[in-house]
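Everything on this sheet refers to the single structure shown next.
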Amino acid sequence: MATPVYTKGVTTPELIRGLEYLTRPRFEGAVPSGSPLERTLDWLVNWSRAYSFWPLFFGLSCCFIEEITAWTPRFDISRFGAEVLRGSPRQADLLIVSGTVFKKIAPVVLRLYEQMPEPKWVISMGSCANCGGMYDCYSVVQGIDQILPVDLYIPGCPPRPEAVMQSIVLLQEKVRSERPTRKILHLAGGSQGTQTPILVDGLSKTRDSRGPGYYGTPPRGSEETPPMFWDARSDLMWTPPPHWIELSETDQSLAKILSEKFGGAVIQAAQTSDLLTFEVAPDRLKDVLRFLKTESEPKFLRLDDLTAVDESARREREKYPDYTLVYQLLSFDSASRVRLKVPLAGPEPVIPSITDLWPAADWYEREVYDMFGVLFAGHPRLWRLLMPHDWEGHPLRKSYPDRATDMPPYTHYDAQKHQPRDAGEYMTGRLAEDQYVLNIGPHHISTHGLIRFILALKGEEITALDTDIGYHHRAAEKIGERQSWHQYIPYTDRVDYLTGVANNLTYLLAVEQLAGIKVPDRAQFIRVLLTEFFRLSNHLVWFSTYTHDTGAMTPNFYCFAEREKIMDIVELITGGRLHPSWFRLGGVAMDLPPGWKELVDDFIKVFPGRIKEFEALITKNPIFEARTRDVGYLSKQDAMEWGVTGANLRASGLEWDLRKKMPYSGYEAFDFDIPYATAGDCYARYLVRVEEMRQSVRIIEQAANQMPPGRWLSDDYRYIIPPKEETLTDIETLIHHFINVTRGAKMPRGEAYMATEHPRGEQGVYAVSDGLHMAYRLRFRSPGFANVQTLPLMAVGHLISDLIAILGSIDFILPDIDR
Amino acid sequence: MQPVNPVTLSPWAPGLFSLALYTAIVVGLLALLLILTRWLGEQKPDLEKARPYECGVIPTGGAQFRYPVPFYLVAVFFLIFDVETALIFSWAVAIEDLSWLGWLQISFFIIILLVGLVYLWLKGGLDWRPQSIRKALPPRS
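Protein chains in written order, with our numbering: chain S, 648 to 1466; chain H, 25 to 165.
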């Protein structure tokens, strides 16, 4: 039956038949009802609504990148009438919950939903929003449908942009089956908006990942549960000792000086896998740190990282204290690091704060307090950092449950009750009479994710600034303590969802350093090739969002079009887009596929011209210059001391790039420059990143042209997963494959820290092994954490609009800051 | 004072009739739109919907407080220049009737305005940047 064509001679019955056709129920089982007039009005209203959705500009995590990609040239969602994203819930009628719903953000999501006018629809995008997905952890709500009614679910992790378009089409179908007229005219009956109720765990939904019918099997397939892993069979296995390194002469002389100066208070670790390590008595800690920062040769100017380890679940419990604090310093002069380990005893140990020595210790100490319950005497404001302020317990303690499914379900009531801390509390004592407080975030277009800035304002001038992070805390570190060494690789991709395999690399380098796994040359080159592609992809997103924030819309479309070409190459090689999880211990997952070289060559030919085009749009644009020059100044000294890394550090005048200064993964074989600038403002940060794109293309070109032949995976089968084909030829390989895939490889007892020049700065992984098939403690040193902590230095005294430019210039991302 | 001629104010006078009709249509249409938008559609008022939107969190403090002077200054500048633009427009409409004398007068007026603008500019009245930044710009390479 074709749609009738209305002509002059149409008769009334024909007209009615035509209307009946147009207003027929679209969903199976729906029965047509109501008068022809009512159904005609229904049709008219539904038609207008279905083809003009107004989605809220709202994203939670990785999924949002794929969601927004659907708005860019290759996908172009405007064809479906859902083109314009609204910044405020007041103007929106469609909420696409894209990404992980954290317990800290859930009250905000609920409020945004409730502030949308009627009628409204909800699409839940991605496994995390649907059910928690791979994040069955203490900080994540196991499904948005527990707090909001949901119309449609898009499966995937993350779903592709095409899936977003399909969901819009499906929602249009759903809307066309509604009966809004009666609701609009205040008559009984009718339907519009979401009709499904909020789901309740145990009644209308289940959080049990086993699914129905599997209640006889142990939860999650294994009786071995953290923190103790009783009867773990990896206890019975043997491994060689960890990979020990020879200390450099500088390190040896420093060790000598320290032992002369502090005697028994500083004990050097006999052997180390990565860097010079000392055990320091708690009462001398500050003296040692002060000496290392101000007097020693070389001087350790940067507090690289500060974290803790809960030692209470150690296999050899008697050899360890209750907690160990780990201070890690970096020296720019000698390009070396030093690690100080401080043993602590008691359930809630106290240690002096070092915020007077390094202001950057502020957040690090708050995080350790939040996660471990270690107290820092003299800290100006020892509040929780990542978890909500009314949270109970310290999640990284071994006694704390790691899974959300081991805790009561998070409900609609919880989302109403646990509100974020009032902004006024942050500004207590910092407000003059004519000033006021404003929140920017956690939901704001220019925060590029879930982060909340609390501003004290005098007019438009920022007089004080505070930051509330943790809205994107995905428990990456805690999950590392339960996933086997191999199983954890997919989680690393998601630590920074714009840089994919670059995160794999940092994690794998640390584990390979610990176990002494040698990576073949071909694998090194493939790793470099892909990492640089992801650097480009990340910088393209940065370019488009930063310029968008400062008033230019066009680069968005150009950059995302180019980024799709990179995604094509990534997809050809790895099969994935955002999260390929494609590197493996000892190498990569497979060899490069046929046809990769042609695609890469095409890209190298075209892309430098594109960078020129981008620059022609922006670099000398007077509006852009006015927005960024002399805005957000950060001095070189501050940048070094606060642990600022990456392009932000280089824009402040220091020529420092780990790929050159502490080469890893074969970067010493490549010829490239370190771009840097001296102005230290937003414009300098722009220039440095654009130049970095050019250097990345150079590296990619060299890696592609000089790609060595040979194996793409180590043959150290004790630790790595052998290729499947080889398991079919001999029994030894088969056994290794079986053990390493099922239970997971056992790593020698020890620890290792490795850092890489990640697209966003220096990302480090500190892997502690207790000789089991998973990490005992896994720590991410995140670049964004340190970079964003310096924001008050850059933004106070500027205007709100400058803050937006500064945020864009730092290039941070929330899963990286909050982990 | 002249007595008012009842004929000129009659609603049936051709000039006034169209004005009255126009007014009635405008008022009627506005009333209809307001009533329809108020009445039509499903309404589910609740506390959260009534709350001001501030990035998803509960706002701190009220919206009524003492605004700083820069906002006031900008408002005043705008008002002055805006009213003066209205004067210039009305002169432009009647430019032929006012002849060269009118041109001279309005030129004098515009010059006075320009002097005012230059004065504002020099005094920093149009500089929206905060005091702290204006005083100490960071070194530029």
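For each residue, glycine too, the CB sits at the ideal point set by N, CA and C.
This one's a predicted model, so the numbers in the text were calculated from it and none came from an experiment.
For S/W891, the three-state DSSP class (helix, strand or coil): Coil.
Chain H contact for S/P1089 (CB, 9 Å cutoff): Yes, contact with chain H.
Chain S contact for H/T84 (CB, 9 Å cutoff): With respect to chain S, the C-beta atom of H/T84 has a partner C-beta closer than 9 Å.
Where S/Y1083 meets chain H, residues with beta-carbon distance less than 7 Å: Within chain H, the residues near S/Y1083 are G85, F89.
S/E1373 to S/D1140 span [Cα, whole Å]: Straight-line Cα distance between these residues: approximately 28 Å.
Pair within 9 Å by beta-carbon distance, S/D952 and S/Y862: Result no, Cβ atoms of S/D952 and S/Y862 do not sit closer than 9 Å.
Best match in S/A776, S/P805, S/R1031 for proximity to S/R854 [C-alpha to C-alpha]: Nearest option by C-alpha distance: S/A776.
Contacts of H/L64 in chain S (Cβ-Cβ under 8 Å): By Cβ distance, chain S contributes I831, L832.
Contact with chain H by S/S1456, beta-carbon distance below 9 Å: Residue contact with chain H for S/S1456: absent (no Cβ-Cβ distance below 9 Å to any residue of chain H).
Members of the segment 744-775 of chain S that neighbour chain H once the beta carbon cut-off is set at 7 Å: Those residues of the segment 744-775 of chain S placed with their C-beta closer than 7 Å to a C-beta in chain H are V755, R758, L759, E761, Q762, E765, P766, ordered along the chain.
Cα-Cα separation, S/D1465 to S/L846: Their backbone Cα atoms lie some 29 Å apart in a straight line.
Residues, ordered as in the chain, of the segment 733-744 of chain S that lie near chain H by beta-carbon distance below 9 Å: Within the segment 733-744 of chain S, contact with chain H at the beta-carbon level (separation under 9 Å) is assigned to S735, P736, R737.
Listed by chain order, chain S residues near H/F95 by CB distance under 9 Å: Identification of chain S residues near H/F95 by a Cβ-Cβ cut-off of 9 Å yields G1106, E1107, ordered along the chain.
Exposure of S/D882, with buried meaning 16 or more beta-carbon neighbours within 10 Å: Counting Cβ neighbours within 10 Å, S/D882 comes out exposed, since fewer than 16 surround it.
Under 7 Å (Cβ pairs) to chain S, residues found in the segment 94-121 of chain H: In summary, the residues of the segment 94-121 of chain H whose CB is separated from some CB of chain S by less than 7 Å are P94, F95, in the order they occur in the chain.
One or two residues paired with S/P1240 in a DSSP bridge: Per DSSP, S/P1240 has no beta-bridge partner at all.
Rounded distance between the beta-carbons of S/D792 and S/S774, thought under 8 Å: Contact between S/S774 and S/D792 is absent: CB atoms are separated by about 13 Å, not below the 8 Å threshold.
S/N1086 vs S/L1145 beta-carbon contact at 9 Å: Result no, Cβ atoms of S/N1086 and S/L1145 do not sit closer than 9 Å.
Beta-bridge partners of S/Q1410, as assigned by DSSP: S/T1403.
Outcome for H/I135 when other beta-carbon atoms lying within 10 angstroms are tallied against a minimum of 16: With fewer than 16 Cβ atoms within 10 Å of its Cβ, H/I135 is classed as exposed.
Contact list for S/Q1284 against chain H, beta-carbon separation under 7 Å: Simply none; closest approach about 13 Å.
Span of the alpha helix (DSSP H), counted from its first residue to its last, around S/R1141: Taken as a continuous stretch (DSSP letters only), S/R1141 belongs to no alpha helix (DSSP H), as it is neither H nor E.
Per-residue burial, S/N1352 [other beta carbons within 10 Å of its own, 16 or more giving buried]: So S/N1352 ends up on the exposed side.
S/A1433 at chain H interface by Cβ criterion, 9 Å: For S/A1433, not one C-beta of chain H is nearer than 9 Å to its own C-beta.
Interface residues of chain H facing S/G1313 [CB-CB closer than 9 Å]: Within 9 Å Cβ-Cβ: nothing; S/G1313 doesn't reach chain H, min ~34 Å.
Neighbour list for S/P1322 in chain B, Cβ cutoff strictly below 7 Å: The question asks about chain B, but that chain is absent: this structure's protein chains are S and H.
Among S/L1450, S/R726, S/G858, S/W877, the one whose alpha carbon lies nearest that of S/T1197: Ranked by Cα distance from S/T1197, the first of S/L1450, S/R726, S/G858, S/W877 is S/L1450.
Under 9 Å from the C-beta of S/L1446: neighbouring residues of chain H: Residues of chain H passing the Cβ test: W152, R153, P154, I157.
Stretch-stretch touch, CB-based, cutoff 8 Å, three pairs: the segment 1418-1426 of chain S with the segment 949-965 of chain S: Yes, the segment 1418-1426 of chain S is in contact with the segment 949-965 of chain S.
Alpha carbon of S/I752 to alpha carbon of S/L1097, nearest angstrom: Approximately 8 Å, taken between the alpha carbons.
The segment 1045-1059 of chain S in contact with the segment 53-63 of chain H per 3-pair CB rule at 8 Å: Too few Cβ pairs lie closer than 8 Å, so no.
Neighbour-count burial assignment, S/P1055, 16 or more Cβ in a 10 Å radius: With fewer than 16 Cβ atoms within 10 Å of its Cβ, S/P1055 is classed as exposed.
Min CB distance S/R1099 to chain H below 9 Å: Taking Cβ atoms only, chain H reaches closer than 9 Å to S/R1099, which makes this a yes.
Cross-chain neighbours of H/P38 in chain S, by beta carbon under 8 Å: Listed along the chain, the chain S residues whose CB falls inside 8 Å of the CB of H/P38 amount to none; the nearest CB is some 40 Å away.
Contact belief for S/Q1063 with S/P754 at Cβ below 8 Å, rounded distance in angstroms: With 8 Å as the limit, S/Q1063 and S/P754 qualify as a contact, their Cβ atoms being about 7 Å apart.
Beta carbon of S/E958 nearer than 9 Å to that of S/Y974: With respect to the 9 Å criterion, S/E958 and S/Y974 are not classified as neighbours on the basis of their beta carbons.
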